[in-house]
Each structure stands twice: as structure tokens, then as C-alpha cells.
Amino acid sequence: MQDILPHSTPKESVAAIISTPLSDDRGQSLEAFKAKLRNEGLYQPASDDTAASHDDITLLRFLRARRYDVDKAQKQFSDTEAWRKHHNVDELFRTFETNEMESARRFYPRWTGRRDKTGLPVYVYRLASLDAPLRKELESVPSERRYQRIIALYESMTRFVLPLCSHLAAPTPVSSVTTIIDLEQVSLSAMWSLRSHLQVASTMATANYPETLSTIAIVNSPSFFPTIWNWIKTWFDEGTRNKIHILGKDPGRTLRLLIDERDLPQSYGGQLPWKFEDEPDLDDTIKKLIGEMPKGPVLFVDGSTVKLLG
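Numbering-wise (my numbering), the sequence shown opens with residue 114 and increments by one.
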């Protein structure tokens, strides 16, 4: 969002997330994208006994990120596949140690266990929770391992949380998340010390997990927010910047347009007694489907949780 200022007037358009069937043109773009990827050896369609190498939801994320320009989407997809191979992403996620993954969640946006009114999972990131001791702990982890932790958590989101919510929202696919970023009580010095940590995660998402961020609501923005915005706006492409909305210190009215009161944390004008340090508080529908929130590297496949090695 260009020229964004803190405490700006809430925009009711934040709640305007509408899922519609693919138009003929976009359906044709998807088929052309598949054909191009197949010719490059990057995509294998489904056969009688084998699923497609990539589902349509994933492919559409890359197309949307490049405004349905098939050539540009193919370039980003190819780069991502090379990145995944370089970092051995599938094996990294499959074998990621459970306790380390759960501990790593303290440093990144966390799923509340709830969904917004359109079925997208609601994440919260409270920066003040990363206090001095936690920042020191974070900095003690080698940068390569920090990077691998971010990968594991993105894989957890795209391979468990999003498929789970998509299953519940069927036939409407869910491929992105709604995120509340809370800047209450965050000092400029704390933000400065976290800038590298935040930049790595943001640029990774933009490059390799495109279109997984839907609405991004920044709440409790401090007076120095314009300074912060000048740092962070270059981390995102224009499409992502346009999804960022500044709701100031009284976000409840606008957030309730997007998230039902019972699924919105009390800190942001809702009724849910959940805070950033808590485990996901699963809604009744999710509890009925999976019981409690699983730990470590897990998949959600065909209506069931699949535990991996971690």
C-alpha cells in the first residue's frame, strides 16, 4: 500500500474476499501453464493410479502472483522448484524434529486455530512477544538453521493448515491466510533488531510461497510506523503491499467484518480468549474432524492427518 500512514481510516474492503469460479480465460491460462510446466519436466498430470505432481490450487497461486502471465509464472515456479531441490525441502520437512518445530513457532506468525468468515485460517504475529531474552535465543541459532525453521513452518502451513481449511470450505479452495500483525508496545530498537529476521521470512514467502497471504491487518501501529514501513515495503511485491491495511489501535470494528467475534481474539475486539503465546484453539468443526492439534511435521490428506517422522 503506497504512502501508508498509521491510524488510517479502516477500510471495509478488508472484508471483501470473494471466491469465484475461474473464468474461461483463466481456466485456459491454467491449462497452458500445466502444458508449459509439463514440457519443462516440472509437472506431471494425474494418471489412473498416481496423483498429479502439483494440485491446481498450488499452480493457481503462481499464476495469480504473476497476473496470469504464463511465462512469468513458469519462471517463478521453475525458480521455486530449484530452490526446493537445493534446500531438500520435502526431506527437511519430513524429518524435522518435533520439539524444535514447536519451539520455533514462538518466533513467527501463529495460527489461532480459527478461521475468518470466508474459511481462511487466522494467524497472529505479536512482535512484542519477541522480548529481549527471546531475541537473544533467536540470534543464538545459526542463520542456516533459522532459515530451515522458516521453511518447515511454511510447509506446515501449506501442507497441513491450508488443506485442512480447504477441506472444510469445500468446494471453495483455501490457499491463503488472514494475518493480524500486532505492533503494540514494540520499540523502534526492537524492530530494528528483528529486521533481518522479518525480512528473510517475508522475502521467502514472496518468492517461494506466493499468494499465501490474503488480508494483512496491522494493529496498534506506533507513531514511528512510517519509518518501519520504509524498511519493510521493499520486502514485498506490489500485490502483497496492496493487501496490507493499517487499522491502528481500535481494530475491532473492521476486523469483525472479516472474522466472527467468537473466532477473533479478545485483544483485537473479539470473544476468543487466545493470546500469541497459546497453542491453537481449534473451533468445534476442526476438533470434530482431527481432535487436537497435532505436533511436528504433519500433512492433511484426503480428510485425515498424516504424521511424518519428526
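Where a beta carbon is used, it is the ideal one built from N, C-alpha and C, also for glycine.
Partner residues in the beta bridge of residue 413, as assigned by DSSP, are 418.
Under the three-state reduction of DSSP, residue 151 is assigned to helix. When DSSP reads this structure, residue 202 sits in no beta bridge, so it has no partner. The Cβ atoms of residue 340 and residue 301 sit closer than 8 Å to each other.
Between residue 175 and residue 189 a beta carbon distance of about 6 Å is seen, short of the 8 Å cut, so the two are scored as contacting.
8 Å or more divides the Cβ of residue 290 from the Cβ of residue 364. Excluding sequence positions up to five before and after residue 167, its CB lies within less than 7 Å of the CB of 156, all in the same chain and listed in chain order. The Cβ-Cβ distance between residue 385 and residue 295 does not fall below 8 Å. Distances from the CA of residue 182 to each of 332, 399, 245, 141 were compared; the closest alpha carbon is that of 141. Beta bridge pairing from DSSP links residue 234 with 228. Spanning the alpha carbons of residue 153 and residue 203 requires a straight line of approximately 21 Å. Collapsing the DSSP output to three states places residue 373 in coil.
With fewer than 16 other beta carbons inside 10 angstroms of its own, residue 148 counts as exposed.
Residue 371 is positioned such that its CB atom lies no closer than 8 Å to that of residue 226. DSSP places residue 378 within a strand segment (E or B) once states are collapsed to three. By the CB criterion at 8 Å, residue 172 and residue 146 fall inside the cutoff. Closest by C-alpha distance to residue 232, out of 279, 266, 261, 247, is 279. Unbroken beta strand (DSSP E) stretches of 3 residues or longer found wholly inside the region 239-304: 290-295, given in chain order. Distance check between residue 219 and each of 197, 198, 343, 259 places 259 closest, using alpha-carbon atoms only.
For the set 366, 331, 369, 368, the Cα lying nearest the Cα of residue 355 is the one of 331. Beta-bridge analysis with DSSP links residue 361 to 332. DSSP, read as helix, strand or coil, puts residue 179 in coil.
Within the model, the alpha-carbon separation for residue 262 versus residue 382 is close to 31 Å.
If you look at residue 354, you'll find it in the alpha helix (DSSP H) that goes 351-354. Approximately 6 Å separates the beta-carbon atoms of residue 322 and residue 271; this is inside 8 Å, confirming the contact.
Looking at the backbone, the Cα of residue 244 and that of residue 144 are separated by about 48 Å. Out of 337, 286, 274, the CA that lies nearest to the CA of residue 303 is found in 337. In the DSSP assignment, the residues bridged to residue 326 are 290. Cβ contact annotation for residue 417 (same chain, cutoff 7 Å, sequence separation greater than five): none.
Here the alpha carbons of residue 180 and residue 312 stand approximately 24 Å from one another. The shortest C-alpha to C-alpha distance from residue 267 to any of 286, 379, 187, 324 is the one to 324. By the CB criterion at 8 Å, residue 410 and residue 206 fall inside the cutoff.
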